[in-house]
Amino acid sequence: MTKKFATLAMTTMLIGASAPSPGAGTATEAAPQLLVIDPFDLPIVSADRVDGRLIANFSVQLRDAGAMDRARDDLPQIRARLLSAAMDFNHLHGSALTPPDAELLSKSLNRTETLDMPEVVRVLIVELRSSPI
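The numbering used here puts the sequence shown at residues 1 to 133.
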């Protein structure tokens, strides 16, 4: 129950951060543009069998509203690149018995070549957990 609440609270904070605050009208005070990506549910495979699953949920922070519009058009490509990075991470570091290393995944996701989009500020990890099956 606590994990669900923590995930809900983090998601609410991220969504709330993308809404403009009252009185914010200048370009320097512009709220971050966050593109929410549907979660990934990946199998953790060990010794030719599925041992668990990795749940990964991301948001992409973009530079401005124009970048947000372009990113929405490129959503399938963005999602495919994030899925590829998450699968590589899962293959190399996934374990059903230990928590996933969010810092390591964040470094991988935020390399320039992962999304290869100059308008992306960074990829945020909203939820990352593993569990045995």
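Glycine is no exception: its CB is placed at the ideal position from the N, C-alpha and C atoms.
Note that the structure is predicted; figures quoted are calculated from it, not measured.
Rounded straight-line distance, which links the Cα of PRO100 to that of LEU128: Counting from one through the sequence shown, the residue named residue 128 turns up at place 128. Counting from one through the sequence shown, the residue named residue 100 turns up at place 100. So the alpha carbons of these two residues sit roughly 7 Å apart.
Selected residue, minimal CA-CA separation from ILE133, among PRO39, ASN110, VAL50, LEU105: Position 133 of the sequence shown, counted from the first residue, corresponds to residue 133. It is VAL50 whose Cα lies nearest to the Cα of ILE133.
Alpha-carbon spacing of GLY52 relative to PRO39, whole angstroms: Indexing the sequence shown from 1 puts residue 52 at position 52. Indexing the sequence shown from 1 puts residue 39 at position 39. CA-CA distance, GLY52 to PRO39, rounds to 16 Å.
Buried or exposed by the 16-neighbour rule on C-beta atoms within 10 Å, applied to MET13: Along the sequence shown, read from residue 1 onward, the residue named residue 13 stands at position 13. Bear in mind that a pLDDT of 48 at MET13, under 50, signals an unreliable position, so the model cannot answer this.
Buried versus exposed call for SER84 [16 or more other C-beta atoms within 10 Å across all chains shown]: Stepping through the sequence shown from its first residue, residue 84 is reached at position 84. Result: exposed.
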